[in-house]
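Colleague: My questions all concern the structure below.
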Amino acid sequence: MTLHRDSPQAPTLGPGVLTRRRFLQFIGATAGSGAVASTMGAWGHIGIAAQTSPPMMDGSGNGVKVIVVGAGPGGCPAAYELVKLGYDVTVIEARDRLGGHVFTVRGGSKTFEYGKGEQVCDWDDENMWYDAGPSRIPFYHRSFFHYAQELNIPLMDHKNIDLNGWVYAEGINGGLNGKRMRLHEMRADMGGYTSQLLAQAVNQEDLDLPLTAEDRDVLIDYLINWGILSSGDLTYGPSDHRGYIVLPDTQSAGEVADPYPMQDLFPFAASILGAAGGYLATTPVFDWQTTLVKPKGGVSELYETGFKNALGDRVRLNCEATEIRQSDDGVRVVFLNKETGETEEVSGDYCVCNIPLSVLIKLGTDFSGDFRTATQSVPYAMALRTGLGFNRRFWEEDDWIYGGQSFSNISELGILAYPDDGYGAKKGAILGMYNFGTDAAHVSSLAYEDRVQLALDLGSKIHPQMREEFVSGFSVAWHLEPYSLGAWPSYTQRTRQEFFPKLQEPDGRIYLVGEHLSYVNAWIEGAAQAAWLQVEKLHTRVMQA
Amino acid sequence: MTTRSLPGARATVLGALMILTLAIGVPLIVSAQGATPGATPAISAGDDLLVRGEAIYNNVCIACHQPDGKGIEGIYLPLAGNPAVTLEDPTYLVTVILNGRGGMPRFDTTYSDEEIASIASFVRQNWENDAPAVSAEQVAGVRAIYATSDVPTPEGQIPAGSDRATPEATPSS
Chain A
20 MTLHRDSPQA
30 PTLGPGVLTR
40 RRFLQFIGAT
50 AGSGAVASTM
60 GAWGHIGIAA
70 QTSPPMMDGS
80 GNGVKVIVVG
90 AGPGGCPAAY
100 ELVKLGYDVT
110 VIEARDRLGG
120 HVFTVRGGSK
130 TFEYGKGEQV
140 CDWDDENMWY
150 DAGPSRIPFY
160 HRSFFHYAQE
170 LNIPLMDHKN
180 IDLNGWVYAE
190 GINGGLNGKR
200 MRLHEMRADM
210 GGYTSQLLAQ
220 AVNQEDLDLP
230 LTAEDRDVLI
240 DYLINWGILS
250 SGDLTYGPSD
260 HRGYIVLPDT
270 QSAGEVADPY
280 PMQDLFPFAA
290 SILGAAGGYL
300 ATTPVFDWQT
310 TLVKPKGGVS
320 ELYETGFKNA
330 LGDRVRLNCE
340 ATEIRQSDDG
350 VRVVFLNKET
360 GETEEVSGDY
370 CVCNIPLSVL
380 IKLGTDFSGD
390 FRTATQSVPY
400 AMALRTGLGF
410 NRRFWEEDDW
420 IYGGQSFSNI
430 SELGILAYPD
440 DGYGAKKGAI
450 LGMYNFGTDA
460 AHVSSLAYED
470 RVQLALDLGS
480 KIHPQMREEF
490 VSGFSVAWHL
500 EPYSLGAWPS
510 YTQRTRQEFF
520 PKLQEPDGRI
530 YLVGEHLSYV
540 NAWIEGAAQA
550 AWLQVEKLHT
560 RVMQA
Chain B
54 MTTRSLPGAR
64 ATVLGALMIL
74 TLAIGVPLIV
84 SAQGATPGAT
94 PAISAGDDLL
104 VRGEAIYNNV
114 CIACHQPDGK
124 GIEGIYLPLA
134 GNPAVTLEDP
144 TYLVTVILNG
154 RGGMPRFDTT
164 YSDEEIASIA
174 SFVRQNWEND
184 APAVSAEQVA
194 GVRAIYATSD
204 VPTPEGQIPA
214 GSDRATPEAT
224 PSS
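Protein chains in written order, with the numbering used here: chain A, 20 to 564; chain B, 54 to 226.
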């Protein structure tokens with residue numbers, strides 16, 4: 020069955036809007052529920068993605084005017100789909116760039132934070148960039164793949180895990196306090212020791228375990244392989260799984276080290292897993308499982324190249340919305356043209372608003388009581404990302420780490436993330452600090468340069484050579500950034516139940532979009548899903564008017 | 054301790070209080086829920102509480118509210134000299150710290166009742182502010198209000214002059 024909306028076989032259901040739901044009802048009526056299930060499976064409804072492409076819709080917007088406020092991960096796909104449906108779209112964007120919270124920092128990038136002033140990046144090499152906002156897209160975030168293909172954005176791999184990356188822990192008991200080791204060492208040794216302990220325990224027949232004799236045997240077989248145990252006495256010992264201290268070459272077969280002592284490793288590994296279990300548990304959280312990707316050159320490419328080319332001069336940059344007003348007949352967006360200093364306004368029939376709630380509540384609006392209360396009732400979380408630029412890719416040349424991350428138990432530091440491209444180039448930049456909550460608040464109270472120095476201080480515990488190669492840094496605290504005032508919303512069960520449904524419904528002629536309108540918060544996928552949801556609602560309404 | 058009134062009853066109570074206010078001309082603290090209005094908590098605002106609160110403030114809160122407590126105009130509310138902070142009934146202040154509001158993050162899962170009491174006490178007594186300290190029990194009482202999802206936000210508690218009024222401020226560039 021051909022599903023693409025342009026296909027001549029794509030069924031229509033008479034006049035009106037063909038929505039995905041109506042199509043499924045049609046299929047169910049003609050071919051039964053099994054056909055619906057397989058259709059849904061083909062669309063990816065069962066199991067993983069809720070929606071893999073924009074809603075199938077017929078009809079034309081016929082030049083109905085929509086003002087999109089904010090060219091972010093919600094506003095861009097919303098504007099794009101509305102243009103395809105024949106609407107007259109204008110996008111008002113406060114910043115000098117598209118992408119909103121998506122912000123790939125490179126030479127010339129600028130930001131401003133309240134209390135801290137302006138910051139300009141002086142990196143001078145095409146291999147020096149980092150994502151100060153979203154930096155990776157999981158394989159199941161299908162909206163991203165849809166637009167990357169439609170807008171011809173080349174993709175690259177994103178690695179979270181490089182087994183040769185470092186893990187470092189301090190403030191712990193035992194002989195590994197303040198030490199670093201390779202992730203493959205920690206993983207092999209912990210897997211080995213825990214398997215050994217379990218296998219030896221299970222092997223004692225007098226232990227009361229909920230296992231049959233056969234269960235015990237197969238479990239021990241598994242553990243021998245998983246934990247790299249000797250099949251004789253079920254002990255864990257040295258192997259090349261944990262890496263070499265002398266590599267094999269023409270002269271020798273190389274040498275592997277003994278595992279770290281159990282009593283030293285356990286507190287080390289426990290602390291690392293406490294800090295980074297999302298990445299380092301037996302399997303990472305689903306969002307962080309391979310394959311992850313990003314656009315070549317950074318996530319901004321989707322917006323600053325892809326959507327920018329598609330939307331063209333419909334997007335007005337440096338126009339900061341101050342009011343969003345509506346009447347029975349239409350909407351009016353008042354904005355400050357930052358280039359001229361003049362206040363302007365633009366009118367339309369509907370408004371699609373991509374402004375985060377934390378900023379939206381500062382604007383002059385006519386929202387109805389319940390809707391206004393909902394916009395005021397969802398707080399935003401804090402996050403901070405600092406990038407560090409280097410003259411030499413010491414993590415590659417010295418440490419043989421190509422992409423992926425290093426981990427520590429220093430919550431102020433968070434992960435270090437290395438570039439997954441430009442391998443072997445001379446210069447490069449890393450994500451040198453990524454923290455949240457009170458750590459982000461504390462670090463953000465420092466001036467930009469002090470944050471960078473702190474990142475160097477902490478990062479030097481993992482890479483002692485860091486300062487030698489350092490060029491300059493760049494730091495973004497999203498809760499201080501004027502057009503974000505936060506990194507993402509913090510819903511609770513209460514606020515989901517009470518306010519979230521209200522936010523998803525339009526207030527008069529105004530529809531909100533953004534990741535805050537989904538359950539996939541803090542991901543661009545959530546914003547695109549919300550854009551599709553709201554465009555479908557808006558178009559249905561216009562077609563029925 | 055705290056009694057939880059039903060939404061309808063609260064409106065009636067509010068209505069009655071407003072009429073009473075007009076009748077006798079005495080400003081009453083409108084508080085349908087939370088601590089008994091006007092009661093001074095039976096704790097000593099000792100050094101420990103304020104020292105701890107100051108430490109948290111200087112580590113976390115200054116990022117937005119600034120060391121001088123004046124915030125950033127139109128963006129982050131001032132705490133110094135802000136009547137919403139020094140109401141005799143601290144319920145609104147504690148609610149904002151616990152639940153957050155817009156750009157103000159929530160701290161309910163970050164800090165204990167004691168820690169939130171210390172932050173609230175510190176901001177109520179630092180700079181030119183002079184209001185009674187807040188106890189951990191009072192914080193626990195406010196938490197309890199939001200423990201179930203079917204209790205709506207007690208809007209009647211939010212005083213005029215806070216950002217609850219029609220927002221007109223433009224973020225400065």
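Glycine included, C-beta positions come from ideal geometry on N, C-alpha and C.
Should M452 (chain A) be flagged as near chain B, meaning a C-beta pair shorter than 8 Å?
Modeller: Cβ-Cβ to chain B under 8 Å: no for M452 (chain A).
Colleague: Give me the Cα-Cα distance between G545 (chain A) and L536 (chain A), rounded to the nearest whole angstrom.
Modeller: Distance between the alpha carbons of G545 (chain A) and L536 (chain A): 7 Å.
Colleague: Helix, strand or coil for E555 (chain A) per DSSP?
Modeller: Residue state, collapsed to three classes: helix.
Colleague: Hey, how far is the Cα of L403 (chain A) from the Cα of S366 (chain A)?
Modeller: About 36 Å.
Colleague: Along chain B, which residues have their Cβ under 7 Å away from the Cβ of M401 (chain A)?
Modeller: The contacting residues are P158.
Colleague: Going along chain A, which residues have a C-beta under 9 Å from Y110 (chain B)?
Modeller: Residues of chain A passing the Cβ test: none, with the nearest at roughly 11 Å.
Colleague: How would you call N135 (chain B), buried or exposed, if buried means at least 16 neighbouring beta carbons within 10 angstroms?
Modeller: When all chains shown are included, N135 (chain B) counts as buried.
Colleague: On a CA-only basis, which of A:A436, A:L202, A:S162 and A:S250 is nearest N222 (chain A)? Give me that one, please.
Modeller: Of the candidates A:A436, A:L202, A:S162 and A:S250, the one whose C-alpha sits nearest the C-alpha of N222 (chain A) is A:S250.
Colleague: Does A186 (chain B) have its Cβ less than 8 Å from a Cβ in chain A?
Modeller: Closer than 8 Å: no.
Colleague: For the region 396-427 of chain A, list every residue whose C-beta sits within 7 Å of some C-beta in chain B, in sequence order.
Modeller: So the close ones are S396, P398, Y399, A400 and M401.
Colleague: Which chain A residues sit within Cβ distance under 9 Å of V147 (chain B)?
Modeller: The premise fails here: V147 (chain B) is roughly 14 Å from chain A at the closest Cβ pair, so nothing lies under 9 Å.
Colleague: Measuring straight from C-alpha to C-alpha, what distance separates G11 (chain A) and V334 (chain A)?
Modeller: Because chain A is modelled from 20 through 564, residue 11 (chain A) falls outside the range shown and cannot be assessed.
Colleague: Counting along the chain, where does the beta strand (DSSP E) carrying H177 (chain A) start and finish?
Modeller: Counting along the chain, the beta strand (DSSP E) containing H177 (chain A) begins and ends at L174 to H177.
Colleague: Of all the CB atoms in chain B, is at least one closer than 8 Å to the CB of S509 (chain A)?
Modeller: At least one chain B Cβ lies under 8 Å of S509 (chain A).
Colleague: Please check if any C-beta of chain B sits within less than 8 Å of the C-beta of M460 (chain A).
Modeller: As written in the sequence, residue 460 (chain A) is Ala, which differs from the Met given in the question. Interface residue, yes.
Colleague: Name the DSSP beta bridge partners of R344 (chain A), please?
Modeller: BP columns for R344 (chain A) point to A:R351.
Colleague: So if I threshold CB-CB distances at 7 Å, which residues from the region 165-185 of chain B count as touching chain A?
Modeller: Of all residues in the region 165-185 of chain B, none has a Cβ within less than 7 Å of some Cβ in chain A.
Colleague: At what residue ranges does the region 383-408 of chain A contain a whole run of the alpha helix (DSSP H), taking only runs of 4 or more?
Modeller: The qualifying runs are 388-395.
Colleague: Flag L504 (chain A) as yes if its beta-carbon sits less than 8 Å from any beta-carbon of chain B, otherwise no.
Modeller: Yes, contact with chain B.
Colleague: Taking P483 (chain A) as the reference, give the member of A:E468, A:E145, A:V87 and A:G197 with the closest Cα.
Modeller: For the residues A:E468, A:E145, A:V87 and A:G197, the minimum Cα distance to P483 (chain A) belongs to A:G197.
Colleague: If distances are taken between C-alpha atoms only, which option among A:P153, A:C370, A:W142 and A:G80 comes closest to P92 (chain A)?
Modeller: Answer by Cα proximity: A:P153.
Colleague: Quick check on K381 (chain A): buried or exposed, where buried means 16 or more other Cβ atoms within 10 Å of its Cβ?
Modeller: K381 (chain A) comes out buried.
Colleague: Using the rule of at least 16 other Cβ atoms within 10 Å of the residue's Cβ for burial, across every protein chain shown, is L117 (chain A) buried or exposed?
Modeller: That one is buried.
Colleague: At the level of alpha carbons, what is the spacing between L547 (chain A) and L182 (chain A)?
Modeller: Inspection of the sequence shows that residue 547 (chain A) is occupied by Ala rather than by Leu. Approximately 33 Å, taken between the alpha carbons.
Colleague: According to DSSP, simplified to helix, strand and coil, what is T144 (chain B)?
Modeller: Here T144 (chain B) sits in helix by DSSP.
Colleague: Say whether chain E places a C-beta atom closer than 8 Å to the C-beta of Q119 (chain B).
Modeller: Judged by its chain identifiers, the structure shown contains no chain E, and its protein chains are A and B.
Colleague: Alpha carbons only, please: which of A:H260, A:A289 and A:I291 is nearest the one belonging to D277 (chain A)?
Modeller: When only C-alpha atoms are compared, the closest one is A:H260.
Colleague: Going along the region 489-500 of chain A in order, which residues come within less than 9 Å of chain B, judged by CB to CB distance?
Modeller: Hits within the stretch, in order: A496, H498 and L499.
Colleague: Any chance you could list the beta strand (DSSP E) runs of at least 3 consecutive residues sitting entirely within the region 399-466 of chain A, in chain order?
Modeller: DSSP runs (the beta strand (DSSP E)) wholly in the region 399-466 of chain A: 402-409, 424-427 and 447-455.
Colleague: Could you check what DSSP says for I125 (chain B) in three-state terms: helix, strand or coil?
Modeller: I125 (chain B): strand per DSSP, three-state reduction.
Colleague: Count the other CB atoms, across all protein chains shown, that sit within 10 Å of the CB of G82 (chain A); report buried if there are 16 or more and exposed otherwise.
Modeller: With fewer than 16 Cβ atoms within 10 Å of its Cβ, G82 (chain A) is classed as exposed.
Colleague: Mapping the DSSP letters down to three states, classify L103 (chain B) as helix, strand or coil.
Modeller: Residue state, collapsed to three classes: helix.
Colleague: Can you tell which of A:R351, A:R528, A:G408 and A:G443 has the C-alpha that lies nearest to the C-alpha of D417 (chain A)?
Modeller: Per the Cα distances, A:G443.
Colleague: Report yes or no: do the region 448-455 of chain A and the region 388-405 of chain A share at least 3 C-beta pairs separated by less than 8 Å?
Modeller: These segments touch.
Colleague: For the candidate residues A:V102, A:Y159 and A:V561, whose alpha-carbon lies nearest to that of T309 (chain A)?
Modeller: Residue A:Y159 is the option with its Cα nearest to T309 (chain A).
Colleague: Here's a check: name, in chain order, each residue in its chain whose Cβ is nearer than 6 Å to the Cβ of S162 (chain A), leaving out the five neighbours to either side.
Modeller: So the list reads E544 and A547, once near-sequence residues are dropped.
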